[in-house]
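Residue numbers (my numbering), protein chains in the order written: chain A, 1 to 301; chain B, 1 to 279. Backbone N, C-alpha and C fix where the C-beta goes; we use that ideal spot for every residue, glycine too. Structure, as structure tokens:
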């Protein structure tokens with residue numbers, strides 16, 4: 001009797017364990033087909049030159065990578081991406097923090113204001129681009145008119161080689177505001193009020209309190225948002241496609257946009273795959289940097 | 001008394017700053033929404049004005065609706081969003097359950113594989129993924145828009161974390177009562193992890209709704225385009241013609257999103273920020 005029970009138990013637990021594979025199978029299958037296989041295939045393709053219809057290909061070693069780093073267009077894309085990411089983060093984060101500090105004040109009706117600033121969250125990068133097209137229109141847009149009121153001549157934002165990149169930067173900052181503000185606000189709400197009160201008793205002014213209390217206590221959040229917005233800006237595509245399509249004269253041709261054009265407009269599959277791996281390596285470096293930095297320099301409560 | 005007065009002045013300044021910042025942030029959206037109600041003569045008149053003469057001039061919307069099948073675009077986005085959401089929920093709760101409770105041999109390794117897959121950016125896999133779709137003849141189909149996004153490692157991670165907090169004894173007790181692993185997952189685990197699942201659902205749906213590069217590549221007919229692609233094509237086709245109609249088209253596409261956001265703002269914010277913020 002007890003033997004039977006033990007046997008039944010073993011039988012059940014084997015079936016139970018086996019059922020585990022069934023539960024994992026769908027996720028694993030789709031993951032292998034749509035992530036693992038393409039990731040490996042991309043690396044393989046990056047060492048080859050492929051005919052536009054994909055029916056013939058030849059191994060050419062590192063030639064795609066060498067060509068990329070010898071191409072002025074690609075060097076330009078690297079630079080444009082660097083500038084784009086740097087400015088969206090350096091301007092975007094302090095601006096978001098400033099707004100979050102206002103939104104953290106104990107004022108009546110503050111939740112209404114919060115809704116206004118959370119709104120860009122609901123809007124996709126593409127729609128963000130679309131929304132700004134009209135305001136920036138040099139003929140009928142309000143922005144250039146407002147600038148002319150204060151005596152400035154507004155550029156033709158999207159089509160001016162000097163202003164296209166700043167335009168894309170402004171729109172991206174605007175789009176990222178919602179997320180950044182929410183995260184900053186959560187961090188600010190967690191700073192204990194007693195600390196500020198104690199500092200006031202010691203005669204500290206607002207600036208000192210900001211530098212000595214707020215900044216150190218929210219530093220993990222600052223780091224987190226720096227990384228997320230670096231990655232998000234780096235992967236920007238929708239807003240750029242709508243606003244400038246990488247132009248004029250490649251001034252907004254960021255790495256991801258260059259990849260898209262080479263893969264799906266010029267049909268240079270191998271060349272595009274090499275670009276994909278360069279993007280991958282850069283993002284990997286950022287992640288490693290984040291991981292190292294996160295454990296060291298940041299103040300945790 | 002003096003203290004109160006000082007405080008009142010301070011909050012007055014804060015209100016002023018907040019109003020100014022709000023207007024700046026809202027201006028692009030307002031200009032577009034108000035512009036969609038403007039007659040052509042108003043749109044091109046100089047100097048440009050923010051407000052339209054009348055909010056009952058709806059001609060632009062009628063023209064936009066006739067020019068492009070926004071109904072189809074929005075329906076496609078909804079279909080793709082809902083199918084992706086359902087698929088993501090089923091597939092990833094299953095996997096998370098196996099990783100956290102059943103733990104068959106080798107599951108730890110597979111879990112790590114999923115987690116490390118998160119660092120592979122979608123741009124890296126886009127070219128071979130497209131070639132796969134071509135080979136299977138799935139270009140310009142719902143399957144192409146949905147299938148690649150069903151495994152959601154971040155979702156597996158979130159659910160795994162939550163499922164781990166449910167003690168093993170729960171399942172053993174349920175099993176003694178004759179409840180198998182599938183029933184345990186569906187009737188006990190899933191109901192108690194509702195907050196995690198709803199956050200995951202919102203993220204999945206929003207990501208699907210906003211997706212742009214992939215649908216741009218794999219769709220080529222009007223009847224398969226999702227809303228973001230539809231609006232881009234609409235703007236390209238109407239570029240330079242009637243700006244009021246262009247703005248109306250954009251407003252048609254964006255209105256459902258804004259309504260949904262305003263209705264579910266609390267859940268939205270919670271899902272994105274992981275709790276801790278009061279709307």
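Distance between residue 216 (chain B) and residue 69 (chain B) (C-alpha atoms, nearest Å): Here residue 69 (chain B) refers to the residue found at position 69 when the second chain is read from its first residue. Here residue 216 (chain B) refers to the residue found at position 216 when the second chain is read from its first residue. Residue 69 (chain B) and residue 216 (chain B): Cα-Cα distance of roughly 17 Å.
Go ahead and label residue 288 (chain A) buried or exposed: buried means 16 or more other beta carbons lie within 10 angstroms of its beta carbon, across all protein chains shown. Along the first chain, read from residue 1 onward, the residue named residue 288 (chain A) stands at position 288. So residue 288 (chain A) ends up on the exposed side.
From A:40, A:293, A:272 and A:280, residue whose alpha carbon lies closest to that of residue 51 (chain A): Residue 51 (chain A) sits at position 51 when you count from the first residue of the first chain. Here the closest residue by C-alpha is A:272.
Under the DSSP definition of a beta bridge, which residues are partnered with residue 58 (chain A)? Start at 1 with the first residue of the first chain, and residue 58 (chain A) comes out as number 58. According to DSSP, residue 58 (chain A) bridges with A:49.
Could you check how far apart the C-beta atoms of residue 249 (chain B) and residue 38 (chain B) are, in whole angstroms? I think they sit under 8 Å. In the second chain, the residue the question calls residue 249 (chain B) occupies position 249. In the second chain, the residue the question calls residue 38 (chain B) occupies position 38. Going by Cβ atoms, the distance from residue 249 (chain B) to residue 38 (chain B) rounds to 14 Å, so no, they are not a contact pair.
Return the CA-CA distance between residue 185 (chain A) and residue 158 (chain B), expressed in angstroms with no decimal places. Against the first chain, residue 185 (chain A) aligns to sequence position 185. Against the second chain, residue 158 (chain B) aligns to sequence position 158. Answer to the nearest angstrom: the Cα atoms are 22 Å apart.
Can you check which of these residues, B:102, B:195 and B:45, is closest to residue 24 (chain A) by C-alpha distance? For the purposes of this step, residue 24 (chain A) is taken as the residue at position 24 of the first chain. Residue B:102 is the option with its Cα nearest to residue 24 (chain A).
Is residue 157 (chain A) closer than 8 Å to residue 167 (chain A) when the C-beta atoms are compared? One-based indexing of the first chain puts residue 167 (chain A) at position 167. One-based indexing of the first chain puts residue 157 (chain A) at position 157. A contact, by the Cβ cut-off of 8 Å.
How would you write the range of the alpha helix (DSSP H) that residue 260 (chain B) sits in, first residue to last? Position 260 of the second chain, counted from the first residue, corresponds to residue 260 (chain B). Note, residue 260 (chain B): alpha helix (DSSP H), 243-263.
Verify the CB distance criterion: does residue 199 (chain A) have a CB-CB separation below 8 Å to chain B? Taking the first residue of the first chain as position 1, residue 199 (chain A) is located at position 199. Closer than 8 Å: no.
Closest by C-alpha distance to residue 253 (chain B), when choosing among B:261, B:271 and B:231: Counting from 1 along the second chain, the entry for residue 253 (chain B) is found at position 253. For the residues B:261, B:271 and B:231, the minimum Cα distance to residue 253 (chain B) belongs to B:231.
Can you name, in chain order, every residue of its own chain whose Cβ lies under 7 Å from the Cβ of residue 2 (chain A), other than the five neighbours on each side? Residue numbering aside, residue 2 (chain A) sits at position 2 when the first chain is read from its first letter. Confidence at residue 2 (chain A) is low in this model, with a pLDDT of 49, below 50, so its placement is unreliable and the value that follows should be read with caution. Answer for residue 2 (chain A): no residue qualifies.
Who are the Cβ neighbours of residue 250 (chain A) in its own chain at under 8 Å, not counting the five residues just before and after it? The residue given as residue 250 (chain A) occupies position 250 in the first chain. So the qualifying residues of the chain are 73, 76, 77 and 80.
Any C-beta of chain A within less than 9 Å: which residues of the stretch 117-128 of chain B qualify? 117, 119, 120, 121, 122, 123, 124, 125, 126, 127 and 128
Specify the secondary structure class of residue 77 (chain B) as computed by DSSP and reduced to three states. Along the second chain, one-based indexing puts residue 77 (chain B) at 77. Helix.
Short check: CB of residue 142 (chain A) to CB of residue 52 (chain B), under 8 Å? Working through the first chain from its first residue, we reach residue 142 (chain A) at position 142. Working through the second chain from its first residue, we reach residue 52 (chain B) at position 52. Contact flag unset, no.
Assign residue 82 (chain B) to one of two classes, buried (16 or more other C-beta atoms within 10 Å of its C-beta) or exposed (fewer than that). Sequence index remark: in the second chain, residue 82 (chain B) carries index 82 (1-based). Residue 82 (chain B) is exposed by the Cβ-count criterion.
Quick check on the DSSP output: the alpha helix (DSSP H) that includes residue 62 (chain B) runs from which residue to which? Position 62 of the second chain holds residue 62 (chain B). Its alpha helix (DSSP H) spans residues 59-67.
Counting Cβ pairs closer than 8 Å, one from the stretch 129-140 of chain B and one from the stretch 11-21 of chain A, do we hit at least three? no
By Cβ distance, which residues of its chain are closer than 8 Å to residue 94 (chain A), with the 5 residues on each side in sequence left out? Counting from one through the first chain, the residue named residue 94 (chain A) turns up at place 94. Excluding residues within five positions, none has a Cβ falling inside 8 Å.
Quick check for students: name the residue ranges of the beta strand (DSSP E) that lie wholly in the stretch 105-151 of chain B, counting only runs of 3 or more. none
Contact set between residue 248 (chain A) and chain B, taken where Cβ atoms lie within less than 8 Å: Here the question's residue 248 (chain A) lines up with position 248 in the first chain. What residue 248 (chain A) touches in chain B: nothing, since even the nearest Cβ is about 15 Å away.
So, is the C-beta of residue 85 (chain A) closer than 8 Å to a C-beta in chain B? For the purposes of this step, residue 85 (chain A) is taken as residue 85 along the first chain, with counting starting at 1. Closer than 8 Å: no.
Contact list for residue 76 (chain B) against chain A, beta-carbon separation under 8 Å: Locating residue 76 (chain B) in the second chain gives position 76, counting from the first residue. Neighbours of residue 76 (chain B) on chain A: none; closest Cβ ~15 Å, over 8 Å.
How should residue 29 (chain B) be labelled, buried or exposed, when 16 other C-beta atoms within 10 angstroms of its C-beta is the threshold for buried? In the second chain, counting from the first residue as 1, residue 29 (chain B) sits at position 29. Answer is buried; the Cβ neighbour count reaches 16.
Residues, ordered as in the chain, of the stretch 213-241 of chain B that lie near chain A by beta-carbon distance below 7 Å: 213, 217, 228, 231, 232 and 235
Listed in chain order, which residues of the stretch 260-293 of chain A have Cβ atoms closer than 8 Å to some Cβ of chain B? 260, 263, 264, 269, 272, 273, 276, 277, 279, 280, 283, 284 and 287
Confirm, please, whether the CB-CB distance from residue 129 (chain A) to residue 239 (chain A) is below 8 Å. Position 239 of the first chain, counted from the first residue, corresponds to residue 239 (chain A). Position 129 of the first chain, counted from the first residue, corresponds to residue 129 (chain A). For residue 239 (chain A) and residue 129 (chain A), yes; Cβs fall inside 8 Å.
How is the alpha helix (DSSP H) around residue 241 (chain A) delimited, first residue to last? Along the first chain, read from residue 1 onward, the residue named residue 241 (chain A) stands at position 241. 238-243 is the extent of the alpha helix (DSSP H) around residue 241 (chain A).
Does the distance from the C-beta atom of residue 226 (chain A) to that of residue 89 (chain A) stay below 8 Å? By 1-based counting over the first chain, the position of residue 226 (chain A) is 226. By 1-based counting over the first chain, the position of residue 89 (chain A) is 89. A contact, by the Cβ cut-off of 8 Å.
Buried or exposed by the 16-neighbour rule on C-beta atoms within 10 Å, applied to residue 116 (chain B): Translated into positions along the second chain, residue 116 (chain B) becomes position 116. So residue 116 (chain B) ends up on the exposed side.
DSSP state of residue 120 (chain A), grouped into three classes? On the first chain, residue 120 (chain A) is found 120 positions in, with the first residue counted as 1. Residue state, collapsed to three classes: helix.
Compare the beta carbon distance of residue 95 (chain B) and residue 192 (chain B) with 8 Å and say whether it is the shorter of the two. The residue you call residue 95 (chain B) lines up with position 95 of the second chain. The residue you call residue 192 (chain B) lines up with position 192 of the second chain. Their beta carbons are not under 8 Å apart, which means residue 95 (chain B) does not touch residue 192 (chain B) by this criterion.
Can you find a CB in chain B that lies within less than 8 Å of the CB of residue 141 (chain A)? Here residue 141 (chain A) refers to the residue found at position 141 of the first chain. Closer than 8 Å to some Cβ of chain B, the Cβ of residue 141 (chain A) qualifies, so yes.
In chain order, what are the residue ranges of uninterrupted alpha helix (DSSP H) at least 4 long that sit wholly in the stretch 193-248 of chain A? 193-201, 206-209, 219-234 and 238-243
Expressed to the nearest angstrom, what Euclidean distance is found between the alpha-carbon atoms of residue 98 (chain A) and residue 241 (chain B)? Along the first chain, one-based indexing puts residue 98 (chain A) at 98. Along the second chain, one-based indexing puts residue 241 (chain B) at 241. Taking the straight line from one Cα to the other gives about 40 Å.
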